[in-house]
Amino acid sequence: QQQVKQSPQSLIVQKGGISIINCAYENTAFDYFPWYQQFPGKGPALLIAIRPDVSEKKEGRFTISFNKSAKQFSLHIMDSQPGDSATYFCAASGSGGSNYKLTFGKGTLLTVNP
Amino acid sequence: EAQVTQNPRYLITVTGKKLTVTCSQNMNHEYMSWYRQDPGLGLRQIYYSMNVEVTDKGDVPEGYKVSRKEKRNFPLILESPSPNQTSLYFCASSFLRYTEAFFGQGTRLTVV
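Read top to bottom, the protein sequences are chains Y and L. Taking the numbering used here, the leading residue of the first sequence gets 78, the next gets one more, and so forth. Taking the numbering used here, the leading residue of the second sequence gets 4, the next gets one more, and so forth.
In C-alpha cells:
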C-alpha cells in the first residue's frame, strides 16, 4: 500500500522555468511533510518542510503548498537552475507512536536544461 | 561537522556470506534508522532505534538485523544475504520528531 503518491516520475524544465512536483497522501495521521533533494552518489538532504497548520511555506526559490482537505502537497521551484537537477522526494511522518519514520514518495527526477 | 558516516560505500558479496554495514553519527541523536532505496520504489524503512538498546522493525525488516549498543552507532547486519537484498542502503539520524533527518552517503550493496 503506497501511502504517499508522487508525480511526475520525471520532469524536464528549461532554465528559469517553474518546476512543480505533486504528492498525495492517504494517512490522516501524517502531520509533517518534508521534501528531500538527492544528487547522484549522495544521501537525501532536507530541502524544506511544512506542518499542516500552514498552507504555504517559502524558502528562497522553493515553496511548499499544502492542502489539508485534499490531502495533497506540492513543491514549486521558481526560476529553476541547472544546479537544481536532482531527484526530489516528498515524504510524510505521523504523530502517533515512537517511530519517526518517513514514508517517502517514489521520487521525481528533475532535469533543468540550460 | 554534523554528519552520518556509513561504511563501506560499495560492497559486492556472495549469497550467504554474513556482512555488516556500519553507521555512526556525531550529533548525539536518539533516533536512528536504516532505509533501502530501490529504483521506482523510493526509500523504505528497514529498522529503527529510539535509543540505546531500543530497536524495532520498519516496513521491510526481513533478512536484516540491527543493534544499538552505543548511541552513536547503528550497524545493519545481513546474516545470510540474498540477491534480492541488492540495493542502495542509507542510514539516517534525527534528534526529535519534526526535525531534519540527516542521511549518510549510502552503501551500494550487490549480492551475487
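The beta-carbon is built from N, C-alpha and C at its ideal position, and this holds for glycine as well.
| said: Strictly below 7 Å CB to CB, what residues from chain Y border Gly-43 of chain L? | reply: If you number the second sequence from 1, residue 43 of chain L lands on position 40. Per Cβ cutoff of 7 Å: Lys-183.
| said: Run through chain L and tell me which residues come within less than 7 Å of Tyr-177 of chain Y, C-beta to C-beta. | reply: As a working note, residue 177 of chain Y is residue 100 in the first sequence. Near Tyr-177 of chain Y (Cβ distances below 7 Å), the residues of chain L are Tyr-34, Ser-97 and Arg-100.
| Candidates L:Asp-62, L:Thr-16 and L:Lys-68: closest to Gln-40 of chain L by CA position | Within the second sequence, numbered from 1, the residue matching residue 40 of chain L stands at position 37. Out of L:Asp-62, L:Thr-16 and L:Lys-68, L:Asp-62 has the C-alpha closest to the C-alpha of Gln-40 of chain L.
| request: Give every residue of the same chain whose Cβ lies closer than 6 Å to the Cβ of Gly-19 of chain L, excluding the five residues on either side of it in the sequence, and list them in chain order. | output: Taking the second sequence and counting its residues from 1, one reaches residue 19 of chain L at position 16. So the qualifying residues of the chain are Ser-83.
| request: Quick one: measure Cβ to Cβ for Leu-123 of chain Y and Ile-141 of chain Y, integer angstroms, because I've assumed they're closer than 8 Å. | output: The count along the first sequence starts at 1 and reaches residue 123 of chain Y at position 46. The count along the first sequence starts at 1 and reaches residue 141 of chain Y at position 64. Actually they are not in contact, since the Cβ atoms of Leu-123 of chain Y and Ile-141 of chain Y sit about 12 Å apart, beyond 8 Å.
| said: Under 8 Å, with one C-beta from each stretch per pair, do the stretch 80-88 of chain Y and the stretch 158-177 of chain Y reach the 3-pair mark? | reply: yes
| Could you give the C-beta distance for Lys-183 of chain Y and Leu-112 of chain L, rounded to a whole number, given that I count them as a contact under 8 Å? | Taking the first sequence and counting its residues from 1, the one referred to as residue 183 of chain Y is at position 106. Taking the second sequence and counting its residues from 1, the one referred to as residue 112 of chain L is at position 109. At roughly 20 Å, the Cβ-Cβ gap does not stay under 8 Å, so Lys-183 of chain Y and Leu-112 of chain L are not in contact.
| Which whole-angstrom value describes the C-beta separation of Gln-9 of chain L and Asn-29 of chain L, a residue pair presumed to lie in contact below a C-beta threshold of 8 Å? | By 1-based counting over the second sequence, the position of residue 9 of chain L is 6. By 1-based counting over the second sequence, the position of residue 29 of chain L is 26. About 13 Å separates the two Cβ atoms, so there is no contact after all.
| field | Beta-carbon proximity of Ala-147 of chain Y to Phe-116 of chain Y, cut-off 7 Å | value | Residue numbering aside, residue 147 of chain Y sits at position 70 when the first sequence is read from its first letter. Residue numbering aside, residue 116 of chain Y sits at position 39 when the first sequence is read from its first letter. No, the Cβ-Cβ distance between Ala-147 of chain Y and Phe-116 of chain Y is not below 7 Å.
| Any C-beta of chain L sitting closer than 7 Å to the C-beta of Tyr-165 of chain Y? | If you number the first sequence from 1, residue 165 of chain Y lands on position 88. Answer no: the Cβ-Cβ gap between Tyr-165 of chain Y and chain L never drops below 7 Å.
| query | What did DSSP end up calling Gly-160 of chain Y once you bin it into helix, strand or coil? | reply | Position 83 of the first sequence, counted from the start, is the residue given in the question as residue 160 of chain Y. Helix at Gly-160 of chain Y.
| message | Please return the same chain residues whose Cβ sits closer than 6 Å to the Cβ of Ile-125 of chain Y, not counting the five positions on each side in sequence. | response | Translated into the one-based positions of the first sequence, residue 125 of chain Y becomes position 48. These residues qualify, in order along the chain: Trp-112, Glu-136, Phe-139 and Ile-141.
| said: Can you confirm whether Gly-171 of chain Y, when its beta carbon is compared against all beta carbons of chain L, has any partner nearer than 7 Å? | reply: Position 94 of the first sequence, counting from 1, holds the residue named residue 171 of chain Y. It does not; no Cβ of chain L falls within 7 Å.
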